[in-house]
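Just so we're aligned, residue 400 is where the sequence shown starts under the working numbering, counting upward by one.
Every residue gets a Cβ at the ideal spot worked out from N, C-alpha and C, and that includes glycine.
Here the structure is a predicted model, which is why all the values come from computation and not from measurement.
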Amino acid sequence: MMIEMKGMKRALSVVLAAALVCSTTVFAAGDSQSAAPVSKDESVYVILGPDGSVQNETVSCWLHADSGVDSVEDRSQLSGIENVKSDLAPKTDGDTLRWDTQDNDVYYTGTTDKQLPIETKITYTLNGKEILAEDLMGKSGDITITIQLENREKHTKTVAGQDREIYTPFAVALVLDLPADTFQNVHCGEHKLISDDNNQLLSLVSLPGMKENFQGILPEELKDFEDQLQDTFTIQAKTENFSMPTIMMAAATNLVELKEINLNDKLTQLSEGMEELQAASEQLEDGTGALSDAMGQFDAKMGTFTSSYQEFDSGLMDALQGAGKLREGTRQLKEAIAALKGKVTGELVPGIQGASSKQQELVQKMQELEKLLDGMQIPDLSAIEQQLGAAIQQVSNGSADAATQILTGKSLQQMLAGSPQEQQQAKAILSAIGQIQKQAAGQISQMMSQLDFSKLQKLESSLREIQALSGELMGSVNTLIGALYSPDDDPANPKTLTGAILALAAGSESADEGAQTLQSGLETLKGASSTIRQAAGAFQDATGELAEKTGELSDGMTQFKTDGIDTLCDTDLIDRLDTALELGDVLQQSAQEYRTFSGAPENADTTVKFIAKVTAPQTKTDTQEKQEEDQKPQSFWDKVGSFFSNLFGKN
């Protein structure tokens, strides 16, 4: 009996812990648009150094008001506020912003150095020794990257009558892109690595501060569950010529889904269910006594059962004949479905798998085409013509002036200011140069007019139409394939045509076997019918003894209630359950109170999310090369070369 009590307590503890984890789940997506007349959405973009330190914080805000933004008194602690959609600037008074516009939406950005709710720390070791990121670049060996997240939003709240430090629930999603040619043998505990030929993606989710929120509440059987609430991740790999991997993070707090699921009500039901269990045990105790009384009546009815059995024996013969007909029908059904199954597995499934492979290849080609089209630009012929004309004019003027200096020792400007004869010579030179420039400009214009990019433009337009149509086609193909076949289809609950056919085939086998079993069983039952008639008399004698045993059951049930159910309901599990319920409410309230990062209008519907990227360290060589490149002068032909390089997507 005590073993059964421990098992029941452990089961309830598991239900409690699962409900608590679900009730504190947070999501990085923002709240859906509500009916509030004013709303503000903040996206906080953070640049982190290689060690996780904050380098820059830029906040993008979307302010919306149904009655016009000019009626809203916005709040913002940002610096360098800039309207990103128009030239309109706000009127500021301290941290109050007013936008003089009747528009319903204003989009603006600004910067801040405000402390983030989640602090990030990143450390590196190479071959077991800690190393700075800038010293790690280009090195090879066994690398360890440790990412530690700390929740800085801590408050003191009252839970179950006691002050308790509560961390506002945040969910942090991390994605690391580890190129396969730089990182091999990547491991991060039980977290899965998604990879293709060139890239390896590691996705991590953390709930920093959640372990501390539940500390001391979970039952002893689930203490090890706290280890699942990670806030530190260790990535191990072997690196060759180390370069900084791409590390992106997103964080938000949102309990909208909790309100819809209303898990607090479910936990309340569980707590009330414990009381109902105790009440039910009392009813069960009374019921066993009633069972003992009913057994006396059952014994009296056995005589009636014996006399009625003859009618059952007659009906058994009719059932046996019907079972023979059922067996013949199931045999025919089995043969027909077997033929259909052969067609599905031999022709339909291989065809779908082949089509899926070709579909993936087509999707990849269309993605490559999209990248090519995005990088393609049609050159501006008029701009090129003007630049060429200006270059020829500059070269011809310079050449004429240089030639004049060589022949006369004077520049054209000096000759124009000299004697009448020199002035006449200078004007003749300028006139000849003008004719040459005019002739060259005409040749350039004629040459540029022969360049026709209309076919290239038509080709680009056609390719984009083909790309759009292929996307629609792929969607239809996916729908068709999804309806026909899925390798993950559950035979017990098929979702596709192929799955249904295979399930039907399996069912026909079972039906045929069941019909055969039914027929055999009825034959056996018919043979055993006479034996049953004889046993009925002996069974009637046994009911007297059974009535006696039910009295013992009633006594045992009384002991079960006293030693089992009453003991279970007196444990501290109910107290833990009540504490967990109250903690869930406090966490939900804490999440709702975190409504803005840089400020918002009063009573506005707000959403806020954080997006961070870790930058690579700047080496001295990188800085020097960039400075030299910035200082290098760019000639006209360098600009023309850069134009065509950008046109065809070259770096």
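Listed as beta-bridge partners of Arg563 by DSSP are Lys556. Looking from the CA of Val985, the closest CA among Lys556, Gln501, Lys490 belongs to Lys556. Per DSSP, the beta bridge partners of Ala650 are Val571, Phe1009.
When C-beta atoms of the segment 535-552 are compared with those of the segment 475-482, fewer than three pairs fall below 8 Å, so the two segments do not count as touching. Judged by DSSP secondary structure, Ala636 falls within the beta strand (DSSP E) whose first and last residues are 631-638.
A contact is defined here as three or more CB-CB pairs under 8 Å, and the segment 586-593 fails this definition with respect to the segment 997-1017.
Ranking Asp541, Gly788, Asn892, Gln812 by CA distance to the CA of Ala636 puts Asp541 first.
Beta-carbon to beta-carbon, Leu601 and Ile634 are separated by about 7 Å, close enough to satisfy the 8 Å threshold.
Contact between the segment 986-996 and the segment 559-568 is established, with three or more Cβ pairs separated by less than 8 Å. Rounded to the nearest whole angstrom, the C-alpha separation of Thr631 and Ala914 is 60 Å. Looking at the DSSP output, Ala464 shares a beta bridge with Val437. Here Asp504 has His463 as same chain residues with Cβ atoms under 6 Å from its own Cβ, once five neighbours each way along the sequence are excluded.
Put simply, the backbone Cα of Ala579 is about 5 Å away from that of Asn598. In this structure Val558 is not in contact with Leu980, their Cβ atoms being roughly 10 Å apart against a cut-off of 8 Å.
CA-CA distance, Lys484 to Gln766, rounds to 31 Å. Ser642 is positioned such that its CB atom lies closer than 9 Å to that of Ala1015. DSSP, reduced to helix, strand and coil, places Leu901 within a helical segment of the structure shown. When C-alpha distances from Gln836 are compared across Glu864, Ser860, Leu787, the shortest belongs to Leu787. Counting every other CB atom within 10 Å of its CB across the protein chains shown gives Pro449 a total of 16 or more, marking it as buried. Ranked by Cα distance from Gly750, the options Leu879, Asp469, Pro893 are led by Leu879. From the listed residues Tyr506, Leu883, Asn1002, Ser997, the smallest Cα separation to Asp494 is found for Ser997. Here Arg497 is bridged, per DSSP, to Lys490. Distance from the CA atom of Met846 to the CA atom of Ile832, rounded to whole angstroms, is 21 Å.
Taking C-beta atoms under 8 Å as the contact rule, Ala1011 and Lys439 fail to qualify, at a distance of about 21 Å. Pairing Leu606 with Ala572, the inter-Cα distance amounts to about 9 Å. Nearest in C-alpha terms to Val1013, of all of Val437, Tyr444, Pro436, is Tyr444. Bounds of the alpha helix (DSSP H) holding Gln813 are 811-815. For Tyr444, DSSP records a beta bridge to Thr457, Ile1010. Non-local C-beta neighbours of Thr803 in its own chain, meaning closer than 8 Å and more than five positions away in sequence, comprise Lys809, Ser810, Leu811, Met814, Ala825, Ile828, ordered along the chain.
Shown here for Gly817: not one same chain residue has a beta carbon closer than 6 Å to its own, the five before and five after excluded.
Between Ile446 and Arg975, the C-beta spacing is not below 9 Å. Under a 10 Å Cβ-count criterion, Met609 is classified as buried, with 16 or more other Cβ atoms of the shown protein chains found around its own Cβ. Look at Arg975 here: in three-state DSSP terms it is helix.
Going by beta carbons, Asp465 and Arg497 fall outside the 9 Å limit.
Glu611 has its alpha-carbon roughly 59 Å from the corresponding atom of Ala737.
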